[in-house]
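Position 107 of the sequence shown, counting from 1, maps to 824 under this note's numbering, and the rest follow consecutively.
Here is the structure we will look at, set down as structure tokens.
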Amino acid sequence: MAIGLVAAGLAARPDVACAQDSALSDQEAYAIAKDAYVYAYPMMLTYATLQKLSNFAEPKDGDAFGPPNQFHHARAFPEPADKIVIRENVDTLYSAATLDLMAEPMVLSVPATDRYFMLPMLSLWTDVFAVPGTRTTGANTPRDFLVVGPQWTGNVPSGLEVIKSPTRFVWIIGRTKTNGATDYESVHKVQDGYKLIPLSAWGQKEYVPPKGIVDPSIDMKTPPPVIVDRMDAAAYYGRFAELLKDDPPNQVDYPILHRFERAGIHVGGSFDLSAAPENIQKAFQRGYADGKALVAAEGNKAAGIGGKGWVIRPGAEHTA
């Protein structure tokens, strides 16, 4: 499941975007489809999660999700049952944002504070590629960063430090140290100092973020893993190919990417499974099913599900 930027030479020509290698056997197509399912899964799951977290017209008061390109803050500790992806910790307050860098870069500003905070920035592949915070970028120092997408070229205004995202979409999952509920007021002031402003609005005295656009086709009730799990083979590989256009893989992934090309999945091109010969479609469907089963099995194993006796999970309590 490698992740990040792709070498420019791997980008596909539109005229070959759906063409399979004529020598591709059913067994090889099956193996490629199985590996492609596993390889794509982190990006597919993250995209489904960000779609759900950002599909709002207005911020949800007190929750760390809302329209994209804005910070949204949890103003109190989570309840024991709260879980977005994992159980949330209870010694920090969360500040989160989903960025879409397609239109333009975003300016990220952090306040001067000696309170511990961190703003991990995740690519769509789940790589943490930058972590502005007191430990990494300094305490008691205000900082302004220009977060740019992988294809952006332009002039950087004076005073902005560039953070280049390897993908169009970014997930910021910020945390600010909180010493109990009596500390909320002080923490809220720090949270309010985290700002996101489009580059085109940088320098304006008053910037009011626009309302978000709600997509009614996005399932807001079903958990993201279930949303991904319910996709059929054609939808899964088709979306994977579309996401690769703006969220390219790491340039060191060329061996597996060249394998995908033999089956018609090219970085920069679309993929339509229905256009493939019937035998290749069937091979892909088998590879899809077995890739899904493999991801589920490894996930259960890592979580200790189905284990006998004492099951040790890194970072967790021992369970019998």
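Note that the Cβ used here is the ideal one computed from N, Cα and C, for glycine as well.
* Asked: How do the stretch 847-855 and the stretch 770-790 stand: do at least 3 beta-carbon pairs fall below 8 Å, yes or no?
  -> no
* Asked: Grouping DSSP H, G and I as helix and E and B as strand, with all else coil, what is residue 886?
  -> Position 169 of the sequence shown holds residue 886. Three-state result, residue 886: strand.
* Are the stretch 869-880 and the stretch 955-966 in contact at 8 Å, needing three or more beta carbon pairs? -> no
* Leaving out five residues before and five after residue 769 in sequence, what residues of the same chain have Cβ atoms less than 7 Å from its Cβ? -> Against the sequence shown, residue 769 aligns to sequence position 52. Result list for residue 769: 935, 937 and 941, in chain order.
* For residue 863, which three-state DSSP category applies? -> Looking up residue 863 in the sequence shown gives position 146. Residue state, collapsed to three classes: strand.
* Could you name each continuous alpha helix (DSSP H) segment of 4 residues or more that falls completely within the stretch 963-991, going from the start of the chain to the end? => 971-979
* **Own chain residues within Cβ distance below 6 Å of residue 761, not counting five before or after** => Translated into positions along the sequence shown, residue 761 becomes position 44. Same-chain partners within the cutoff: 945.
* Asked: Of the choices 814, 759 and 991, whose alpha-carbon is the least far from that of residue 837?
  -> Locating residue 837 in the sequence shown gives position 120, where the first residue counts as 1. The residue with the shortest Cα to Cα distance from residue 837 is 814.
* Asked: Among residues of its own chain, excluding the 5 on either side of residue 955, which ones have a beta-carbon nearer than 6 Å to its beta-carbon?
  -> Counted from its first residue, the sequence shown places residue 955 at position 238. Contacts found: 988.
* To do: Can you grab the Cα-Cα spacing for the pair residue 857 / residue 834, in whole Å?
  => On the sequence shown, residue 857 is found 140 positions in, with the first residue counted as 1. On the sequence shown, residue 834 is found 117 positions in, with the first residue counted as 1. If I take the Cα positions, the gap works out to 11 Å.
* Is the stretch 996-1008 close to the stretch 738-751, with three or more CB pairs under 8 Å? -> With the cut-off at 8 Å, the stretch 996-1008 and the stretch 738-751 touch.
* To do: Look at the Cβ atom of residue 754, then the Cβ atom of residue 1018, and state whether they are nearer than 8 Å.
  => As a working note, residue 754 is residue 37 in the sequence shown. As a working note, residue 1018 is residue 301 in the sequence shown. Contact: no.
* Asked: Would a C-beta distance cut-off of 8 Å place residue 884 and residue 817 closer than the cut-off?
  -> Numbered from 1 along the sequence shown, position 167 holds the residue referred to as residue 884. Numbered from 1 along the sequence shown, position 100 holds the residue referred to as residue 817. Cβ distance not < 8 Å, so residue 884 and residue 817 don't count as in contact.
* To do: Below 8 Å on the Cβ atoms is my guess for residue 825 versus residue 864; work out the distance and round it to an integer in Å.
  => Mapped onto the sequence shown, residue 825 falls at position 108. Mapped onto the sequence shown, residue 864 falls at position 147. Between residue 864 and residue 825 the Cβ distance is about 5 Å, and since that is below 8 Å, they are a contact.
* Asked: Under three-state DSSP, which class holds residue 1054?
  -> The requested residue 1054 does not occur in the structure, where the chain is confined to residues 718 to 1037.
* Measure the CB-CB distance between residue 751 and residue 1007 and report whether it falls below 8 Å. => Along the sequence shown, one-based indexing puts residue 751 at 34. Along the sequence shown, one-based indexing puts residue 1007 at 290. Contact flag set, yes.
* Asked: Where residue 972 and residue 853 are concerned, what is the direct C-alpha to C-alpha distance, given to the nearest angstrom?
  -> As a position in the sequence shown, residue 972 is number 255, starting the count at 1. As a position in the sequence shown, residue 853 is number 136, starting the count at 1. Residue 972 and residue 853: Cα-Cα distance of roughly 34 Å.
* Within 8 Å, strictly: CB atoms of residue 951 and residue 903 -> Stepping through the sequence shown from its first residue, residue 951 is reached at position 234. Stepping through the sequence shown from its first residue, residue 903 is reached at position 186. Taking 8 Å as the Cβ cut-off, residue 951 and residue 903 do not qualify as a contacting pair.
* Asked: What number of angstroms, rounded off, separates the C-alpha of residue 1015 from the C-alpha of residue 970?
  -> Within the sequence shown, numbered from 1, the residue matching residue 1015 stands at position 298. Within the sequence shown, numbered from 1, the residue matching residue 970 stands at position 253. Rounded to the nearest angstrom, the two C-alpha atoms are 22 Å apart.
* Asked: Start and end of the alpha helix (DSSP H) containing residue 916?
  -> Position 199 of the sequence shown, counting from 1, holds the residue named residue 916. Here residue 916 belongs to no alpha helix (DSSP H), and DSSP marks it neither H nor E.
* Backbone secondary structure at residue 692 - three-state DSSP -> There is no way to answer for residue 692, as the model of the chain reaches only from 718 to 1037.
* Asked: Given a threshold of 16 other Cβ atoms within 10 Å of its Cβ, counted over all protein chains shown, does residue 775 qualify as buried or as exposed?
  -> As a first step, residue 775 is located in the sequence shown; it is residue number 58 there, counting from the start. With fewer than 16 Cβ atoms within 10 Å of its Cβ, residue 775 is classed as exposed.
* Asked: Going by beta carbon distance, what residues of the same chain come within less than 8 Å of residue 931, once the five residues before and after it are set aside?
  -> Taking the first residue of the sequence shown as 1, we reach residue 931 at position 214. Contacts found: 772, 773 and 774.
* Looking at the structure shown, is residue 1001 part of a helix, part of a strand, or coil, going by DSSP? -> What you label residue 1001 is simply residue 284 of the sequence shown in a count that begins at 1. DSSP places residue 1001 in helix when its eight states are reduced to three.
* To do: On the DSSP bridge assignment, give the partners of residue 912 in chain order.
  => If you number the sequence shown from 1, residue 912 lands on position 195. Beta-bridge pairing links residue 912 to 826.
* To do: Reducing DSSP to helix, strand and coil, say where residue 769 ends up.
  => In the sequence shown, counting from the first residue as 1, residue 769 sits at position 52. DSSP places residue 769 in helix when its eight states are reduced to three.
* To do: Have a look at the DSSP bridge pairing and note the partners of residue 847.
  => Residue numbering aside, residue 847 sits at position 130 when the sequence shown is read from its first letter. When DSSP reads this structure, residue 847 sits in a beta bridge with 838.
* Tell whether a beta-carbon distance below 8 Å holds between residue 895 and residue 809. => Numbered from its first residue, the sequence shown carries residue 895 at position 178. Numbered from its first residue, the sequence shown carries residue 809 at position 92. A contact, by the Cβ cut-off of 8 Å.
* Beta-bridge pairing of residue 789 - partner residues as DSSP gives them -> Here residue 789 is taken as the residue at index 72 of the sequence shown, counted from 1. DSSP lists 813 as partners of residue 789.
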